[in-house]
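Quick notes on the structure that follows.
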Amino acid sequence: MSSTKKREQFSFFKSVIALVLIAGCLWAAQWQYHRGVARHERNFIIEKHSTMTPVSLASVQDQPANHEWQPVTTRGRFDPDTQILLRNRYFEGKYGFELLTKFNDTGGRSYWVDCGWVQAGKNAQTRPTLPKLPSGDVEIVGRLRLDSSLPRGSFFAIPTNSDTGLVSKANAQGGATSEDFYLDLVSGSDPALSPAAPAELPELSDGPHMAYALQWVFFGGLIGYGRFLIRREVLTRK
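So, in structure tokens, the structure goes:
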């Protein structure tokens, strides 16, 4: 009585594909995990720094990355002729802009100050009503922000003698360059400097990254289990 040894066709190829897919799932799980850890650390820094007592900008401006989100104080004057509106900003369900204004401090530095949200006009051709900023020297309190975290959105400039719209072109128009940081205006020595709708802190949520990491591990396990079932089914088939 003879017996025929059962073989699975393309078994090596199928196993390689399964291993590749499992490796991809594990890589995706690790990627999501590290994203979750990075976001948690970022949220911790934002929460910690944003509640600190305001310090002088001059004392931290040489290392802005180590003091991002920390309230700082500085003195100088706004340049109302150098302003930029960021499109696609919403506040309480209303469409508007984020107003950025150049600020020249008494130390000779220039940087942008996010003066908060302003509501859009009744149509695309209507210029929005901008808050009137003091013309003289003022002291302001703002959260220190990095240039890399500048609010995202399209630029719509309102310079006095040009149609430029990008920050770099606005700097060139003013004959100066801005620093690699900016401020979220919180308050100032003049009551008019308290924005009606100030720039908000980002949502301090860790997000779904850890859950996604577990899902990818689960998917990898399913692939391995599925490969096992396929091979068992082939080898036990009569």
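Each residue of the sequence shown is one higher than the one before, counting from 414 in my numbering. Glycine is no exception: its CB is placed at the ideal position from the N, C-alpha and C atoms.
- Here G601 is bridged, per DSSP, to I553.
- In terms of Cα proximity to K545, the closest of T590, Q496 and T649 is Q496.
- With a contact defined as Cβ atoms closer than 8 Å, L512 and L543 qualify at about 6 Å.
- Checking the DSSP bridge columns, you'll see R502 partnered with G509.
- Contact between E552 and T486 holds: their C-beta atoms lie close to 6 Å from each other, under 8 Å.
- In terms of Cα proximity to E481, the closest of N517, D597 and H622 is D597.
- Shown here, G489 sits in a strand according to DSSP, grouped into three states.
- Under the DSSP assignment, V630 falls in the alpha helix (DSSP H) whose first and last residues are H622 to T649.
- The beta carbons of L434 and I636 sit closer together than 7 Å.
- Remark: C-beta atoms of R556 and N517 do not approach each other more closely than 7 Å.
- DSSP places V433 in the helix class (H, G or I) of the three-state scheme.
- Per DSSP, the beta bridge partners of R558 are Y595.
- For K515, the number of other beta carbons within 10 angstroms of its own is at least 16, and it is reported as buried.
- In the three-state scheme derived from DSSP, where H, G and I count as helix and E and B as strand, G529 is classed as strand.
- Each residue's CA atom was taken as its position, placing P547 and D603 some 8 Å apart.
- When H622, G620 and S523 are compared, the shortest CA-CA separation from E592 is found for S523.
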